[in-house]
Amino acid sequence: MSRQVALRRELDVISNNVANMNTSGFKAEQMAFGEYLTPDARDETFRRSDRPLSFVEDFATWHDQSEGAIQTTGGETDVAIAGEGFFVVETAAGTRYTRNGAFQINAQGELVTSEGARVMSTAGAIQFAPTETGLTIGKDGVIATSEGVRGRLRIARFDNLQDLAKDGVSLFRSDATPGEATSRTKLVQGAIEKSNVRPILEMSRLVEVTRAYESVTSMLAKQDDVRRSSIEKLAEVPA
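First residue of the sequence shown? That's 1 in UniProt numbering, and the numbers climb one at a time after it.
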């Protein structure tokens with residue numbers, strides 16, 4: 001039963017990866033499994049000594065933080081990160097981090113994510129006047145328009161990427177205080193980072209895990225049939 005539950009959870013993770021193959025900045029997930037052994041029982045009333053039982057335990061979900069391919073879009077508010085780091089955005093739930101640079105300007109003139117979270121500069125939220133034109137974003141994150149320099153995109157860096165917790169599709173949260181990106185990190189305007197999901201690998205995993213899940217389900221069904229048959233036969237034995 002524990003293996004069936006673990007396989008079901010892995011199927012959910014793989015299905016989510018496949019569903020987000022085309023989501024900008026999405027990071028693939030994988031399940032980490034281990035074996036849990038129950039302690040030996042000490043009850044002497046049983047004829048056979050109890051043995052430790054082995055269970056499958058899914059103790060973690062880790063995120064593949066490798067970079068996705070950079071795709072040119074030509075959109076002036078689209079930005080990709082080449083190298084380490086995350087854009088810093090402000091949501092209703094607090095500060096979050098993302099590699100999804102498919103930004104836009106909302107009705108209030110703020111630079112926001114596709115979900116409406118405000119994109120942060122080193123000085124706070126970024127806002128433009130309706131009359132501003134010619135938006136440019138340099139490799140160093142400096143934002144300029146016809147009105148001059150408007151700020152610099154804040155890029156956060158984490159020493160341990162596995163400390164980041166998934167929050168939604170392409171957002172992450174962390175209790176750790178991030179550092180600033182190094183000079184090796186460059187921004188690319190007019191481009192976005194694609195999902196790092198590998199379609200062929202994920203489809204292969206989906207087929208493999210689905211078969212394993214069906215096999216376990218079939219085995220459990222057969223065991224139920226055997227138990228039911230045994231109970232029925234016992235009921236037929238004269239008292």
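We treat Cβ as the ideally placed atom computed from N, Cα and C, and that holds for glycine.
Identify the continuous beta strand (DSSP E) that holds E193 and give its terminal residues. A191 to E193
As a quick exercise: from A191, R96, A212 and T133, pick the residue whose alpha carbon is nearest that of I70. Among A191, R96, A212 and T133, the Cα nearest to that of I70 is on A191.
If I follow the unbroken beta strand (DSSP E) through L153, where does it start and stop? It is not in any beta strand (DSSP E) - L153 carries neither H nor E in the DSSP assignment.
What does the Cβ neighbour count give for L164, buried or exposed, with the cut at 16 atoms within 10 Å? buried
For T145, which option in T77, D64, V5 and L161 has the closest C-alpha, if you only look at C-alpha atoms? Out of T77, D64, V5 and L161, T77 has the C-alpha closest to the C-alpha of T145.
Rounded to the nearest angstrom, how far is the Cβ of T185 from that of G83, given a contact under 8 Å? 4 Å
Whole angstroms is fine: what's the gap from R198's alpha carbon to R205's? 11 Å
Rounded to the nearest angstrom, what separates A156 and L201 at their Cα positions? 30 Å
Can you tell me whether N100 is buried or exposed? The criterion is at least 16 other CB atoms within 10 Å of its CB, across all chains shown. buried
Would a C-beta distance cut-off of 7 Å place A125 and E110 closer than the cut-off? Yes, these two residues count as a Cβ contact at 7 Å.
Keeping to the same chain, check which residues put their C-beta closer than 8 Å to that of S174; ignore five residues upstream and five downstream. Y97, F158, D163, L164 and A165
Assuming A181 and G151 form a contact by the criterion Cβ under 8 Å, report the distance between their Cβ atoms to the nearest whole angstrom. 15 Å between Cβ atoms; not a contact.
Tell me D78's beta-bridge partners as DSSP assigns them. A102
Beta-carbon contacts of S114 that lie in its chain and below 6 Å, excluding the five residues immediately before and after: A102
Terminal residues of the beta strand (DSSP E) in which A144 lies: Taken as a continuous stretch (DSSP letters only), the beta strand (DSSP E) holding A144 covers V142 to T145.
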